[in-house]
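No gaps in the numbering here: position 100 of the sequence shown is 100 in the working numbering, and each next residue is one more.
Backbone N, C-alpha and C define an ideal beta-carbon position, used for all residues, glycine too.
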Amino acid sequence: MTYHLLTLWDILATTFSFFFLIAYLFILFQVVSDLFRDHQLSGFYKAVWIVFLLFIPLLTSLVYLIARGKGMAERHRAQVQKSVSATNEYIREVAGKSPAEQISDAKKLLDDGVITDAEYQQLKAKALA
1 MTYHLLTLWD
11 ILATTFSFFF
21 LIAYLFILFQ
31 VVSDLFRDHQ
41 LSGFYKAVWI
51 VFLLFIPLLT
61 SLVYLIARGK
71 GMAERHRAQV
81 QKSVSATNEY
91 IREVAGKSPA
101 EQISDAKKLL
111 DDGVITDAEY
121 QQLKAKALA
């Protein structure tokens, strides 16, 4: 039986190859996701970019990053801001009013004569619970 030992150069070459493959895949996924995120670009131009990405992937990715890189960042930032605002709105909706707001609303109802003092105390106790 013969064993083939990998030389240091073989290990380095393999490591760099995997690194560049993973880096390229990240770039490719970013480019494709940006193409679908861009609502101003027509479907025809999106299809042209995809065709070039399929047949000349590395060159097309680099050209896309150079030509549309600034727009990519702006579209990504807009998507993140939209997502953050939707999350904050959901949290506000689910959380409801704070105890201080509930007590303030109950006090206003008491001052307007809508509820009695006993009902106010009950609402206040419920808000503080």
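The beta-carbon separation of Ala106 and Tyr120, rounded to 5 Å, stays under the 8 Å limit for a contact.
The beta carbons of Arg75 and Arg37 sit about 5 Å from each other, so the pair counts as a contact at 8 Å.
The straight-line gap separating the alpha-carbon atoms of Val94 and Asn88 is approximately 10 Å.
Listed in chain order, the alpha helix (DSSP H) elements of length 4 or more contained wholly in the stretch 34-109 are 43-55 and 57-95. Counting C-beta atoms within 10 angstroms of its own C-beta, Ser61 has 16 or more neighbours from the protein chains shown and is therefore classed as buried. Judged by DSSP in its simplified three-state form, Asp112 adopts coil rather than helix or strand. For Leu128, the enclosing alpha helix (DSSP H) has its first and last residue at Asp117 to Leu128. Straight through space, the alpha carbons of Met72 and Gln79 are spaced by roughly 11 Å. In this structure Leu58 does not touch Val31 by the C-beta definition: roughly 11 Å separates them, more than the 8 Å allowed. In the structure shown, Thr7 falls within a coil segment according to DSSP collapsed to helix, strand and coil.
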